[in-house]
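Just so you know, we're using my numbering here: the sequence shown kicks off at 171 and counts up by one. We put the CB at the ideal spot given by N, CA and C, even for glycine. The structure displayed is predicted, hence computed values, not measured ones.
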Amino acid sequence: MSEVSTAEAALVLDARAELGEGPVWDERGGLLLWVDISRHELHRFDPASSVDETIDVGQHLGAVAVRAAGGYVLALERGFGVLEAPDAGVELVAEVLPGGSGTRFNDGACDSAGRFWAGTYADDEAEGAGALYCLEPDRSVRRLLDSVTISNGIDWSLDGRTMYYVDSSTQRVDAFDFDAESGSIANRRALIEIPREGGLPDGLTVDAEGFLWVALWGGSAVHRYRPDGSLERIVRLPVSLVTSCCFGGADLEDLYITSAAYELTPEQLAAEPQAGGLFRHRPGVRGRRPNPYRG
Ligand code: CA
Numbered sequence: 171m172s173e174v175s176t177a178e179a180a181l182v183l184d185a186r187a188e189l190g191e192g193p194v195w196d197e198r199g200g201l202l203l204w205v206d207i208s209r210h211e212l213h214r215f216d217p218a219s220s221v222d223e224t225i226d227v228g229q230h231l232g233a234v235a236v237r238a239a240g241g242y243v244l245a246l247e248r249g250f251g252v253l254e255a256p257d258a259g260v261e262l263v264a265e266v267l268p269g270g271s272g273t274r275f276n277d278g279a280c281d282s283a284g285r286f287w288a289g290t291y292a293d294d295e296a297e298g299a300g301a302l303y304c305l306e307p308d309r310s311v312r313r314l315l316d317s318v319t320i321s322n323g324i325d326w327s328l329d330g331r332t333m334y335y336v337d338s339s340t341q342r343v344d345a346f347d348f349d350a351e352s353g354s355i356a357n358r359r360a361l362i363e364i365p366r367e368g369g370l371p372d373g374l375t376v377d378a379e380g381f382l383w384v385a386l387w388g389g390s391a392v393h394r395y396r397p398d399g400s401l402e403r404i405v406r407l408p409v410s411l412v413t414s415c416c417f418g419g420a421d422l423e424d425l426y427i428t429s430a431a432y433e434l435t436p437e438q439l440a441a442e443p444q445a446g447g448l449f450r451h452r453p454g455v456r457g458r459r460p461n462p463y464r465g
């Protein structure tokens, strides 16, 4: 048994988000993008000035990724959208979910071929009501997985041949064989099992050594796992609802971590006044540059 080390993350932005989520580094402006899902907000945090700019996209915003042609691609309430520039309006490029479906988009990420993957969940978290979709560069949409309950973190191994995926309700991080050329997934298997008392697995990111960082909703921590699924490190936070993480900064050595406050009671909020904040930790490990959407 190798030893599990622990560290702590520090608050960098007292954002008071309801549901802070989906951090992703935008190297074009040196900005940390993140979303407040329930407040319909895209945030752009500048670590150099500590200024956090908010863009109201006017609807539920599950996830954001950088777009190679400029601006961003968005996982919105019922489909995929593009924001060509911060002051441009949101363009809905693919409506996926019919009105009244009771489901909406959640976490997402881009693969090495420039596709944007994002999954869904039901408003009432009904079991198996969600799915995993992929927006192709030509803006067509494929549905890759059914019977998902709370679709969350997605990232890929260093060699690009494995996709890691979280359906939070399973308490697992799963692995799929991944074919970058066709964008197909196969051979689903469990990689990491999170004990219920450790929280729900939520967002994740893979670092430059191929290790996985997994945010734990209700677990007050981010865990780092080896590619074989064994726990290597724990980063603790002073808030319980830890939602997602990514690497950022010019050197990609800062781990940024988002959090939420909306499910906390007044007593819990008093006990964790930094809930909804943006946190940072320098683990001595470098992250990878996020893939942009190529559509
Ligand atoms: Ca999430």
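- Per the C-alpha coordinates, the member of Glu295, Tyr432 and Trp204 positioned closest to Gln444 is Tyr432.
- Annotation for Leu181: Gln444, Gly447 and Phe449 place their beta carbon closer than 7 Å to its own, counting only its chain and skipping 5 residues before and after.
- CA-to-CA, the gap between Ala264 and Thr176 works out to about 43 Å.
- Excluding the 5 residues flanking it on each side, Arg394 has same chain C-beta neighbours closer than 6 Å at Phe381, Trp383, Glu402 and Arg403, in chain order.
- Relative to ligand 1, Glu191 has its C-beta within less than 6 Å of a heavy atom.
- The beta carbon of Leu202 lies closer than 7 Å to those of Pro193, Trp195, Phe215, Pro217, Gly418 and Tyr426 in the same chain, with the five residues before and after it left out.
- Cβ-Cβ distances below 7 Å link Gly389 to Gly368, Gly369 and Val412 in the same chain, with the five nearest sequence neighbours on each side left out; the list follows chain order.
- As a beta-bridge residue in DSSP terms, Ile324 pairs with Tyr335.
- Look at Ser220 here: in three-state DSSP terms it is coil, with no helix or strand label.
- In the three-state reduction of the DSSP assignment, Pro436 falls in the helix class, which pools H, G and I.
- Here Phe348 is bridged, per DSSP, to Ile355.
- Between Leu244 and Gln229, the gap from beta carbon to beta carbon reaches 7 Å or more.
- Under DSSP, Ala258 takes part in no beta bridge, so it has no partner.
- Taking a C-beta distance under 7 Å as the contact criterion, Gly323 and Gly373 qualify as a contact pair.
- Bounds of the beta strand (DSSP E) holding Asn276 are Thr273 to Cys280.
- Per DSSP, Ser429 is one residue of the beta strand (DSSP E) stretching across Asp424 to Ser429.
- If you ignore the 5 residues before and after Ala301, its C-beta comes within less than 7 Å of the C-beta of Gly289, Thr290, Arg313, Leu315, Asp316 and Val318, all in its own chain and listed in chain order.
- Judged by the Cβ position, Thr273 fails to qualify as a neighbour of ligand 1 at the 6 Å threshold, every heavy atom of the ligand being at least this far.
- For Arg237, no beta strand (DSSP E) run applies, since DSSP gives it neither H nor E.
- Distance from the CA of Gln341 to the CA of Glu261, rounded to the nearest whole angstrom, comes to 35 Å.
- With contacts defined as CB atoms closer than 7 Å, Leu434 and Gly457 fail to qualify as a contacting pair.
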